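Have a look at the structure below before the remarks.
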Amino acid sequence: MSEFASFDQPVMMKIDKIIDESNGTKSFMFKYKLDYNPGQFIMVWLPGVDEKPFAVSYLGDDFFGITVLERGKFTKLLHQMGPGDRIGIRGPFGHGYSFPDSVKNGKGSVCVIGGGCGMASVTVLIEKLQNNNPTILMGAATSRSLFFKNRYKNLTLFTDDGSEGIKGYPTDVLEDLHNKHEYDIIYTCGPEIMMSKVFEFCKKHDIQFEASLERYMKCGIGVCGQCVCDGQMVCKDGPVFDLQALSNMNDFGKYSLLKSGKRVSLQEYADWRSC
Amino acid sequence: MSEFASFDQPVMMKIDKIIDESNGTKSFMFKYKLDYNPGQFIMVWLPGVDEKPFAVSYLGDDFFGITVLERGKFTKLLHQMGPGDRIGIRGPFGHGYSFPDSVKNGKGSVCVIGGGCGMASVTVLIEKLQNNNPTILMGAATSRSLFFKNRYKNLTLFTDDGSEGIKGYPTDVLEDLHNKHEYDIIYTCGPEIMMSKVFEFCKKHDIQFEASLERYMKCGIGVCGQCVCDGQMVCKDGPVFDLQALSNMNDFGKYSLLKSGKRVSLQEYADWRSC
Amino acid sequence: MTTPSLDTNLCGIKMSNPTVLPSGFLGTSKSLLKRVADSGVGAATIKSVSFEAREGHKNPTVIPFEGGMLNAVGYSNPGAEETAREFSNLKEVPIPVIASIIGTEPDDFVRVVEKLSANEFSAIELPLSCPHTPGFGLLAGQGTPESTGKIVAAVRNASKLPIFVKLSPNIPEIGNLAKAAENAGADAITAVNTLGPGMIINIEARKPVLSYKVGGVSGQALRPVATRCVYDIYEAVKIPIIGTGGISTGRHAIEMIMAGATAIGVGTAIYERGIDVFRKICQEMETWMSENSYNSIHEMIGVAHE
Amino acid sequence: MTTPSLDTNLCGIKMSNPTVLPSGFLGTSKSLLKRVADSGVGAATIKSVSFEAREGHKNPTVIPFEGGMLNAVGYSNPGAEETAREFSNLKEVPIPVIASIIGTEPDDFVRVVEKLSANEFSAIELPLSCPHTPGFGLLAGQGTPESTGKIVAAVRNASKLPIFVKLSPNIPEIGNLAKAAENAGADAITAVNTLGPGMIINIEARKPVLSYKVGGVSGQALRPVATRCVYDIYEAVKIPIIGTGGISTGRHAIEMIMAGATAIGVGTAIYERGIDVFRKICQEMETWMSENSYNSIHEMIGVAHE
Ligand SMILES: Cc1cc2nc3c(=O)[nH]c(=O)nc-3n(C[C@H](O)[C@H](O)[C@H](O)COP(=O)(O)OP(=O)(O)OC[C@H]3O[C@@H](n4cnc5c(N)ncnc54)[C@H](O)[C@@H]3O)c2cc1C
Ligand SMILES: Cc1cc2nc3c(=O)[nH]c(=O)nc-3n(C[C@H](O)[C@H](O)[C@H](O)COP(=O)(O)OP(=O)(O)OC[C@H]3O[C@@H](n4cnc5c(N)ncnc54)[C@H](O)[C@@H]3O)c2cc1C
Ligand SMILES: Cc1cc2nc3c(=O)[nH]c(=O)nc-3n(C[C@H](O)[C@H](O)[C@H](O)COP(=O)(O)O)c2cc1C
Ligand SMILES: Cc1cc2nc3c(=O)[nH]c(=O)nc-3n(C[C@H](O)[C@H](O)[C@H](O)COP(=O)(O)O)c2cc1C
Ligand code: FES
Ligand code: FES
Chain C
1 MSEFASFDQP VMMKIDKIID ESNGTKSFMF KYKLDYNPGQ FIMVWLPGVD
51 EKPFAVSYLG DDFFGITVLE RGKFTKLLHQ MGPGDRIGIR GPFGHGYSFP
101 DSVKNGKGSV CVIGGGCGMA SVTVLIEKLQ NNNPTILMGA ATSRSLFFKN
151 RYKNLTLFTD DGSEGIKGYP TDVLEDLHNK HEYDIIYTCG PEIMMSKVFE
201 FCKKHDIQFE ASLERYMKCG IGVCGQCVCD GQMVCKDGPV FDLQALSNMN
251 DFGKYSLLKS GKRVSLQEYA DWRSC
Chain S
276 MSEFASFDQP VMMKIDKIID ESNGTKSFMF KYKLDYNPGQ FIMVWLPGVD
326 EKPFAVSYLG DDFFGITVLE RGKFTKLLHQ MGPGDRIGIR GPFGHGYSFP
376 DSVKNGKGSV CVIGGGCGMA SVTVLIEKLQ NNNPTILMGA ATSRSLFFKN
426 RYKNLTLFTD DGSEGIKGYP TDVLEDLHNK HEYDIIYTCG PEIMMSKVFE
476 FCKKHDIQFE ASLERYMKCG IGVCGQCVCD GQMVCKDGPV FDLQALSNMN
526 DFGKYSLLKS GKRVSLQEYA DWRSC
Chain P
551 MTTPSLDTNL CGIKMSNPTV LPSGFLGTSK SLLKRVADSG VGAATIKSVS
601 FEAREGHKNP TVIPFEGGML NAVGYSNPGA EETAREFSNL KEVPIPVIAS
651 IIGTEPDDFV RVVEKLSANE FSAIELPLSC PHTPGFGLLA GQGTPESTGK
701 IVAAVRNASK LPIFVKLSPN IPEIGNLAKA AENAGADAIT AVNTLGPGMI
751 INIEARKPVL SYKVGGVSGQ ALRPVATRCV YDIYEAVKIP IIGTGGISTG
801 RHAIEMIMAG ATAIGVGTAI YERGIDVFRK ICQEMETWMS ENSYNSIHEM
851 IGVAHE
Chain X
857 MTTPSLDTNL CGIKMSNPTV LPSGFLGTSK SLLKRVADSG VGAATIKSVS
907 FEAREGHKNP TVIPFEGGML NAVGYSNPGA EETAREFSNL KEVPIPVIAS
957 IIGTEPDDFV RVVEKLSANE FSAIELPLSC PHTPGFGLLA GQGTPESTGK
1007 IVAAVRNASK LPIFVKLSPN IPEIGNLAKA AENAGADAIT AVNTLGPGMI
1057 INIEARKPVL SYKVGGVSGQ ALRPVATRCV YDIYEAVKIP IIGTGGISTG
1107 RHAIEMIMAG ATAIGVGTAI YERGIDVFRK ICQEMETWMS ENSYNSIHEM
1157 IGVAHE
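Chains as they are written, first to last, in the working numbering: chain C, 1 to 275; chain S, 276 to 550; chain P, 551 to 856; chain X, 857 to 1162.
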């Protein structure tokens, strides 16, 4: 069952097991080998329904998993599936996080910030950075939507409403943490408004920075132009971009394309995506 | 100019030089590497004219040549070409002569018999068998159509009309030669009537035997069925067959297909081919 | 787990597996049909035969490219009388053999059918769909419902054998055409013939490679279009379909069956995988079927429509 | 030896090389047009735009296969007004930009043309040939000489820009259709749009992979058919042709030019060779041209007809 490692067309994979991560969030585990670099994404196909991009949140030599928050019709159907059911997976696609010399072999001071279900995209990264003993910050709107909170011990939780962990945003404490740890690099995935705050912070303090962007995707392979962010195709050139690249992307933190291709504010985009 | 070694589609190759082999026979030399085993064939394309199979008669690390008797419209046009002109070549195709253990490393007694322009098909073979010091017999209708007569020193010539060498057929002397040399294997390419005589001789004396058959070809790649000889595709399974295979081929020495696919006697086939 | 069965029943013709040798591949002689039978094919079609002998187009007539193959053989064949002679005593071939018959007018088809009436063919195939031979198929206007209906009706009158009508992938409303064939008495649809035509130019020669300049496209380039044609035809008619076009693996064969095919043609893949391709495809189908709990071909036909 | 020139003049539009980004690839925003220009393309076409915004079909909409790609994006676009806004100030893009305009009735096309009239497009392309979007192209009956003539005439009245008409490879008599476009006032023919449609079924899912089930075939599977279409059109009309379909190397580009194309579209090859494919193709063309003693594109156009 593990003869594949990456695929152009969807491969129907049996769900091996399902983990309840939190109320409304489930992880789906597959016994397949996947040649995956943290930050890349896969396209998940429910035949007859739709196809959407997801990050890989669990990765081993012969298994992997994704973590999905129930939000709309697609994720609802996914949440109704059980072990033994099959879903289509193609990928992995895009470029993941990079590991500059400054963080290699456990040297270098690292901070990872996950926001909302963007946390799913940073877990495999965190595990790869284990020897760096990174600062891990995780934020969510409320206690209910926090997941992976027990996966790492050195983890600081934030909720907007204070229902768990510290009340507020992970970005609130960055200044203090950086004074203490003198970060060489900060990695982040989460709402773009959060990521752009971290971006500004890194720019100001001359810290290396990598962020994983989210755009509505169609082809996933760099031909259709749907996922464009200022001349960059998020599916192919990204989804991870560094400080340098993001500095040239005026749309970052501001605009995204609806399914029709209409370029709108991130707020309007988020409203459309959430339904 | 030598980046190719075998090709599905015709590659236009510049004629490097032309050798006059005899009155009516020319060799065309090309400065290209060709991954060729003796007995295989290539398809030669004259754009806008036709495409025909030929054996390779000269072979080096970065050159090869074919030898062509002027017979009809196609070979006439080919004979009119000069150095620098380009012709299309695809291949090589088919299976060539094999080298059983009995003839490896220069041990083993070998006889090679070429008849008519079948001689073009055995030259690369003869060179590969150099260490075996093979008996070489060459036959032609008349002195004019003999070529390669000076290419090998240990060579016995025959003409039907006695205009050069011994008057008669190479097969006339086989019995005597075999008594003296006790051949392990006889290779031959020439008119099928000649080859079937050698075949009978080898069968009777239990000598290994390989012959290169000629059939009218279309695809050259084993799909169209035009070159069939009793369930075998000469272009793909052959053109070289051994004694065992030929024993199961009732059409060998008897029938061949015209361009329409009509199965006729070899005589009727030869009459059609020669015009 | 029991081995799944590949047994196929194609309008009464019993086959040990669904693979069919399509017309134009190796079907020039009885000896080659035996060879193909030894290679595991379920049924075989002879090279298309016209009443008179034809030499076809000049070489090059067949040329591979990255997406499959281009051909303009031009229906070379020895004519009906010679064909009757070559394929006498068909019992020697241990599989069903299909006669592919071509002509310009309905009468031409009937004359060939009559010449072959003493041979033991299992079915008659009418390729009304060649895209590159003047006087035949699309170039003779045979790709319309009217013309197809007329030819099928004429042959229906002249023979009791099952009639397969072979359609072109170039026809936009292929379902309507299949329906016309069914209404006129066809027993099965072969879908599809080659696509296009296409052209390959050698840029050093500044000339098309095929002597006829253009040729029909077969092989993997054709496969998605062929699959869609079978899918459309399956929704339009009740008679079985021989799905043909670009099949070279067991997965491709099953895909075509799920689109609606009862049997599947395998031609160009002979070049890619050798004459043993039939046995290989059958083995791949068996393996997949047992891994996925299918017991018979029948359970898979048309399931992509559910 | 002097470097050969790739300069191309396409009905008055000056291009530094003959490569064109076809509609539907990356043409969603001005920023991407700049990126493609940086990658060496000669001219670029925007994603087809209708008067009203369209979301297109559901995912999956694009799927690669061994012979190229299948797509049924379904003409998603933000509508004419948004498009006029996105592509304002086109001077920022250092190459000619072509507006691809779609509609159902002739009037629909005209309304879009009017909305875009203030933008600095270099030409208008009318794709009357999509095989998989209800209400447009072939599914709206636009692939006939009559319908093509009407739409071109209406747009001719509404704009002074050069008009390119994009044809389908599915049309048997493609020369006649090109002729009808020329007679109605078209300035160039884009040949071709995607083929088929085709279908790919996932056999474990027992379902077509594309949500729309069928999609147009592009890439190498399409190339020989596209080349033949360009060859046929070249014999039928005097206006230049943008040859499109499966081109991914300099050799392919030259083949298409020898068939009769003045410029060449490169779409699916972006997937195979990356966005730099335009620069790569141009380099390969230059190398081949100097080795074979051609100095300009012009010397090669249509020479396969000699
Ligand atoms: C590469 C990639 C992979 C993805 N993979 C997955 C996946 O595997 N599974 C999945 O379900 N989704 C995935 N997504 C979707 C993506 O994570 C979500 O769309 C996005 O994070 C919003 O999620 P949400 O609605 O839960 O966030 P929200 O609930 O809107 O916000 C989450 C948290 O972000 C922080 N935040 C929000 N606003 C601000 C602000 N103004 N300033 C500072 N901090 C703020 C807060 O801590 C907040 O609690 C992926 C996205 C990307 C880019
Ligand atoms: C693999 C292959 C490659 C080929 N390559 C070439 C090629 O490179 N160039 C080319 O021009 N052609 C080629 N041919 C064509 C082929 O050699 C000729 O079609 C065939 O040999 C007849 O040639 P001919 O007309 O010159 O022979 P003929 O002149 O008919 O006969 C030649 C000689 O064969 C012997 N012979 C003839 N009849 C008998 C008999 N009854 N008994 C005993 N001996 C007899 C005699 O010595 C006679 O002189 C090839 C054929 C094959 C199979
Ligand atoms: C070399 C060649 C010859 C063919 N000759 C015929 C023919 O005589 N009659 C016919 O009906 N189809 C003919 N065809 C079409 C095939 O039967 C078949 O429909 C087509 O090749 C698609 O199948 P494939 O992709 O498996 O090859 C020919 C195809 C090729 C490549
Ligand atoms: C994903 C995708 C989207 C396309 N969208 C359009 C479109 O909106 N308008 C159009 O005229 N053609 C569209 N096409 C067709 C292309 O413009 C082009 O004609 C075709 O792909 C053949 O070229 P290629 O083989 O180089 O890709 C699309 C093709 C693809 C693959
Ligand atoms: S989703 Fe198509 S280019 Fe990124
Ligand atoms: S020439 Fe076609 S099979 Fe041999």
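Every residue, glycine too, gets a C-beta built ideally from N, C-alpha and C. What you are looking at is a predicted structure, and each value in this text was computed from that prediction instead of being measured.
{"Item": "Tyr-781/P: contacting residues in chain X (beta-carbon distance under 9 Å)", "Value": "Met-1055, Ile-1057, Pro-1064, Lys-1069, Val-1070"}
{"Item": "Contact between the stretch 1057-1071 of chain X and the stretch 913-932 of chain X (3+ Cβ pairs under 8 Å)", "Value": "yes"}
{"Item": "Candidates Asp-658/P, Ser-672/P, Pro-790/P, of which the one nearest Met-808/P by Cα", "Value": "Pro-790/P"}
{"Item": "Residues that Ile-15/C bridges to, as DSSP identifies them", "Value": "Phe-30/C"}
{"Item": "Boundaries of the beta strand (DSSP E) in which Pro-1001/X is found, first to last residue", "Value": "Unbroken run through Pro-1001/X is the alpha helix (DSSP H), 1001-1014; no beta strand (DSSP E)."}
{"Item": "Within-8 Å CB hit, Glu-605/P to chain S", "Value": "yes"}
{"Item": "Sub-8 Å separation of Ile-1137/X and Gly-1106/X beta-carbons", "Value": "yes"}
{"Item": "Under 9 Å from the C-beta of Leu-341/C: neighbouring residues of chain X", "Value": "Residue 341/C is absent from the model: chain C starts at 1 and stops at 275."}
{"Item": "Proximity below 8 Å, CB of Tyr-183/C to CB of Val-112/C", "Value": "no"}
{"Item": "Cβ pair Lys-886/X, Glu-948/X closer than 8 Å", "Value": "yes"}
{"Item": "Backbone secondary structure at Tyr-781/P - three-state DSSP", "Value": "helix"}
{"Item": "Neighbour flag for Gln-226/C against chain X, beta carbons, 8 Å", "Value": "yes"}
{"Item": "Bridge partner(s) assigned by DSSP for Cys-386/S", "Value": "Thr-410/S, Ile-461/S"}
{"Item": "Cβ-based contacts, 8 Å cut-off: residues of the stretch 242-271 of chain C near chain X", "Value": "Asp-251, Leu-257, Leu-258, Lys-259, Ser-260, Gly-261, Lys-262, Arg-263"}
{"Item": "Contact set for His-456/S: own chain, Cβ-Cβ below 8 Å, skip 5 residues either direction", "Value": "Ser-384, Cys-386, Thr-410"}
{"Item": "For Ala-330/S, three-class secondary structure by DSSP", "Value": "strand"}
{"Item": "Gly-495/S versus Glu-485/S, Met-469/S, Glu-475/S, Val-319/S, residue with shortest Cα-Cα distance", "Value": "Val-319/S"}
{"Item": "Pairwise C-alpha distance: Ile-674/P and Gly-1116/X", "Value": "42 Å"}
{"Item": "Ser-1003/X and Leu-994/X closer than 8 Å at C-beta", "Value": "no"}
{"Item": "Contact set between Glu-836/P and chain X, taken where Cβ atoms lie within less than 7 Å", "Value": "Under the 7 Å cutoff, chain X gives no residues; its nearest Cβ is about 14 Å from Glu-836/P."}
{"Item": "Spatial neighbours of Ile-87/C in its chain, beta-carbon cut-off 8 Å, leaving aside the 5 residues before and after", "Value": "Met-12, Met-13, Ile-15, Phe-28, Val-44, Trp-45, Leu-46, Leu-78, Met-81"}
{"Item": "Coil, strand or helix - Val-44/C by DSSP", "Value": "strand"}
{"Item": "Proximity test, Asn-567/P beta-carbon vs ligand 3 heavy atom, cut-off 7 Å", "Value": "no"}
{"Item": "Sheet register partners of Thr-159/C (DSSP bridge)", "Value": "Ala-140/C, Lys-167/C"}
{"Item": "Coarse secondary structure for Met-81/C, derived from DSSP in three states", "Value": "coil"}
{"Item": "For Ala-673/P: DSSP bridge partner residues", "Value": "Ile-648/P"}
{"Item": "Members of the stretch 648-664 of chain P that neighbour chain X once the beta carbon cut-off is set at 9 Å", "Value": "none"}
{"Item": "Distance cut-off 7 Å: Thr-1004/X Cβ against heavy atoms of ligand 4", "Value": "no"}
{"Item": "Host alpha helix (DSSP H) of Tyr-255/C (start-end)", "Value": "No alpha helix (DSSP H) contains Tyr-255/C, which is instead part of the beta strand (DSSP E) from 255-257."}
{"Item": "Chain-ordered neighbours of Ala-809/P on chain X, where CB pairs are closer than 9 Å", "Value": "Met-1055, Ile-1057, Pro-1064"}
{"Item": "Which of helix, strand or coil DSSP assigns to Glu-3/C", "Value": "Its pLDDT being 48, under 50, Glu-3/C is placed unreliably by the model, and nothing is read from it."}
{"Item": "Beta-bridge pairing of Ala-1047/X - partner residues as DSSP gives them", "Value": "Leu-1023/X, Gly-1099/X"}
{"Item": "Straight-line gap, Pro-677/P to Ala-730/P (C-alpha atoms, nearest Å)", "Value": "15 Å"}
{"Item": "Test: Arg-86/C CB closer than 8 Å to a CB of chain X", "Value": "yes"}
{"Item": "Ile-42/C beta carbon less than 8 Å from that of Gly-91/C", "Value": "yes"}
{"Item": "Within 8 Å of chain P by C-beta, residues of the stretch 896-925 of chain X in sequence order", "Value": "Phe-921, Glu-922, Gly-923, Gly-924"}
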